[in-house]
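Undergrad: Input: one structure, supplied below.
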Amino acid sequence: DPAVLQDGVPKERELVHTIPVGYSVDGNRGVRDPRGMFGERLGVNMHVVTALSGPVRNLETSVQRCHLEVQDKVVSSYASALSTLVEDETQLGVTCIDMGGGTTSIAVYFDGELVHTDIIPVGGCHVTNDIARGLSTPLDQAERMKTLYGSVLASSSDDREIIKAPLVGEAKGAEANNIPRSMLIGIIRPRIEETMEMVRDNLAEAGFDKVAGQRVVLTGGASQLTGVRELCATILDKQVRMGRPRAIDGMAEAIAGPAFSTPVGLLHYAVSNKAEVPSAAYCPPEQMNRGFGRIGQWLRENF
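Letter 232 of the sequence shown, counting from 1, is numbered 505 in our numbering, and no numbers are missing.
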């Protein structure tokens, strides 16, 4: 009962997920599904995810102000994993790393179950801020340079490739600084290295560096920087692949990239957990196209 589990959670935190990892029957562990078995004592090993109540309520308020209702809450790392991982990976052991704007989230699967989640407060926006500060350029220009020229891998031509970096506070069209691409890479790489080292240390401290196996799935908008996959493989000493969300009928091709892993994962969660979602909120796959049409209408009415 979630209400009983909530009693054991500190008042300032809120229960988000209670995911069964394994069961025991009369002290015998390793039971995947106890249904149909005989015994006197049933035990369950659960992965419990909590979040600070304040930020959760603020998010709910923001959604409600858009004339929408929150039917369920899903931690971002779990949603990203649902949309990008394949079954064999979850069975053998895998770490899903979602490099978002303000955070990098981690989800570890082993033996088909989610066993660890965490969030590191560093993401792609921190890279943008580093560029803006290092080159004294506006944030929008820093984001543009990161997207068009950003990389963590140096090459012999970087010193010869020149990038225009407009100065912050200057009028549009004013003279800009000319910087070599190697300078931009020199700003980006340390932040990405720091992020991957924090992920490595997090897994080690939680005791999941070995459990997670040799497989890493990298996703999220910031993961699209050139060379991030190779750098991640070097620092974590694991095999790394880029994770793209599995398509759902009616999903536009424009949202098939790594940056949309979490929102697409929310759709996968809603489809696979339709018994837990009120019938009024559930849209069967055959009606998904009409659902996307209603979303478009809502966007036009509100924006």
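Ideal Cβ placement from N, Cα and C applies to all residues, glycine included.
1. Roughly how many angstroms lie between the CA atoms of Ile292 and Thr507, to the nearest whole one?
2. I'd like to know if the stretch 348-368 and the stretch 388-408 are in contact, where contact means that at least 3 CB-CB pairs between them fall below 8 Å.
3. If you measure between the beta carbons of Val289 and Lys346, is that distance less than 8 Å?
4. Roughly how many whole angstroms lie between the Cα atoms of Ala427 and Cys398?
5. Quick test of your reading: Val321 and Pro307, contact by CB under 8 Å. State the CB separation rounded to the nearest angstrom.
6. Please name the residue in Arg330, Val317, Glu313 whose C-alpha comes closest to that of Glu249.
7. Is Val304 near the ligand FMN, with its Cβ less than 7 Å from a heavy atom?
8. For Val317, which residues from the same chain have a beta carbon less than 6 Å from its beta carbon, with the 5 sequence-adjacent residues on both sides left out?
9. Would Asp432 be called buried (16 or more neighbouring beta carbons within 10 Å of its own) or exposed?
10. Give me the DSSP bridge partner(s) of Glu386.
11. Go to Ile440, then tell me how far its beta strand (DSSP E) extends in each direction, as first and last residue.
12. Under the DSSP definition of a beta bridge, which residues are partnered with Gly316?
13. What did DSSP end up calling Ala548 once you bin it into helix, strand or coil?
14. Compute the beta-carbon to beta-carbon distance between Glu434 and Pro453, rounded to the nearest angstrom, for a pair I have assumed lies under 8 Å.
15. Starting from the N-terminal side, write out each stretch of the alpha helix (DSSP H) that is 4 residues or longer and does not extend beyond the stretch 371-432.
16. Could you please give the first and the last residue of the uninterrupted alpha helix (DSSP H) stretch that includes Leu498?
17. Using CA atoms only, rank isn't needed, just tell me which of Asn546, Leu498, Met515, His541 is closest to Gly374.
18. Pick helix, strand or coil for Gly327, following the three-state DSSP scheme.
19. By Cβ distance below 7 Å, which residues in the same chain neighbour Gly486 in space, the five residues on each side in sequence not counted?
20. Report back the beta-carbon spacing between Val513 and Leu491 to the nearest angstrom; my notes put them in contact at under 8 Å.
21. Return the residue from the list Asp510, His541, Cys505, Thr323 that minimises the CA-CA distance to Arg464.
22. So, is Cys339 buried or exposed, given that buried needs 16 or more other C-beta atoms within 10 angstroms?
23. Ser349 and Thr535 - do their beta-carbons sit closer together than 8 Å?
24. Measuring straight from C-alpha to C-alpha, what distance separates Gly516 and Arg314?
25. Grab the span of the beta strand (DSSP E) containing Pro453 for me, first residue to last.
26. Does Met319 pass the burial test, meaning 16 or more other C-beta atoms within 10 Å, or should it be called exposed?
27. So, Gly423 versus Ile379, is the Cβ gap smaller than 8 Å?
TA: So, from the data block:
1. Translated into positions along the sequence shown, residue 292 becomes position 19. Translated into positions along the sequence shown, residue 507 becomes position 234. Rounded to whole angstroms, Ile292 to Thr507 spans 32 Å at the Cα level.
2. Verdict: yes, contact present.
3. For the purposes of this step, residue 289 is identified with residue 16 of the sequence shown, where counting begins at 1. For the purposes of this step, residue 346 is identified with residue 73 of the sequence shown, where counting begins at 1. Cβ distance < 8 Å, so Val289 and Lys346 count as in contact.
4. Mapped onto the sequence shown, residue 427 falls at position 154. Mapped onto the sequence shown, residue 398 falls at position 125. Straight across, the Cα-Cα distance linking Ala427 with Cys398 is about 21 Å.
5. Sequence index remark: in the sequence shown, residue 321 carries index 48 (1-based). Sequence index remark: in the sequence shown, residue 307 carries index 34 (1-based). That pair is no contact at about 19 Å.
6. In the structure displayed, the chain extends from 274 to 576; residue 249 sits before or after that span and is not available.
7. With respect to the ligand FMN, the structure offers nothing, as it holds no ligand at all.
8. Taking the sequence shown and counting its residues from 1, the one referred to as residue 317 is at position 44. Hits under 6 Å: Pro293, Tyr296.
9. The residue given as residue 432 occupies position 159 in the sequence shown. That one is exposed.
10. In the sequence shown, residue 386 corresponds to position 113, counting from 1. Answer is Phe383.
11. Position 167 of the sequence shown, counted from the start, is the residue given in the question as residue 440. The sequence given here has Leu at residue 440, not Ile. Leu440 -> no beta strand (DSSP E), and no H or E assigned at all.
12. For the purposes of this step, residue 316 is taken as the residue at position 43 of the sequence shown. Under DSSP, the beta-bridge partners assigned to Gly316 are Ser297.
13. Here residue 548 refers to the residue found at position 275 of the sequence shown. Below a pLDDT of 50, predicted positions are generally treated as unreliable, and Ala548, at 48, falls in that range; no measurement from the model is reported.
14. Counting from 1 along the sequence shown, the entry for residue 434 is found at position 161. Counting from 1 along the sequence shown, the entry for residue 453 is found at position 180. With 8 Å as the limit, Glu434 and Pro453 qualify as a contact, their Cβ atoms being about 7 Å apart.
15. Look at the stretch 371-432 and you find these whole runs of alpha helix (DSSP H), each 4 residues long or longer: 397-408, 412-422.
16. Numbered from its first residue, the sequence shown carries residue 498 at position 225. Here Leu498 belongs to no alpha helix (DSSP H), and DSSP marks it neither H nor E.
17. Numbered from its first residue, the sequence shown carries residue 374 at position 101. Ranking Asn546, Leu498, Met515, His541 by CA distance to the CA of Gly374 puts Leu498 first.
18. Numbered from 1 along the sequence shown, position 54 holds the residue referred to as residue 327. Gly327: helix per DSSP, three-state reduction.
19. As a working note, residue 486 is residue 213 in the sequence shown. Here the set comprises Leu365, Gly366, Val367.
20. Along the sequence shown, one-based indexing puts residue 513 at 240. Along the sequence shown, one-based indexing puts residue 491 at 218. Right, the Cβ-Cβ distance comes to about 6 Å (below 8 Å), so this counts as a contact.
21. Against the sequence shown, residue 464 aligns to sequence position 191. Comparing Cα positions, the closest option is Cys505.
22. Stepping through the sequence shown from its first residue, residue 339 is reached at position 66. By the neighbour-count rule (16 or more Cβ atoms within 10 Å), Cys339 is not buried but exposed.
23. In the sequence shown, the residue the question calls residue 535 occupies position 262. In the sequence shown, the residue the question calls residue 349 occupies position 76. Yes, these two residues count as a Cβ contact at 8 Å.
24. The sequence position of residue 516 within the sequence shown is 243, counting from 1. The sequence position of residue 314 within the sequence shown is 41, counting from 1. Their backbone Cα atoms lie some 41 Å apart in a straight line.
25. For the purposes of this step, residue 453 is identified with residue 180 of the sequence shown, where counting begins at 1. Note, Pro453: beta strand (DSSP E), 450-453.
26. Reading the sequence shown from its first residue, position 46 is the one you call residue 319. By the Cβ neighbour-count rule, Met319 is exposed, with fewer than 16 other Cβ atoms within 10 Å of its own.
27. To locate residue 423, count along the sequence shown from 1; it is residue 150. To locate residue 379, count along the sequence shown from 1; it is residue 106. In this structure, Gly423 sits away from Ile379, with a CB-CB distance that is not shorter than 8 Å.
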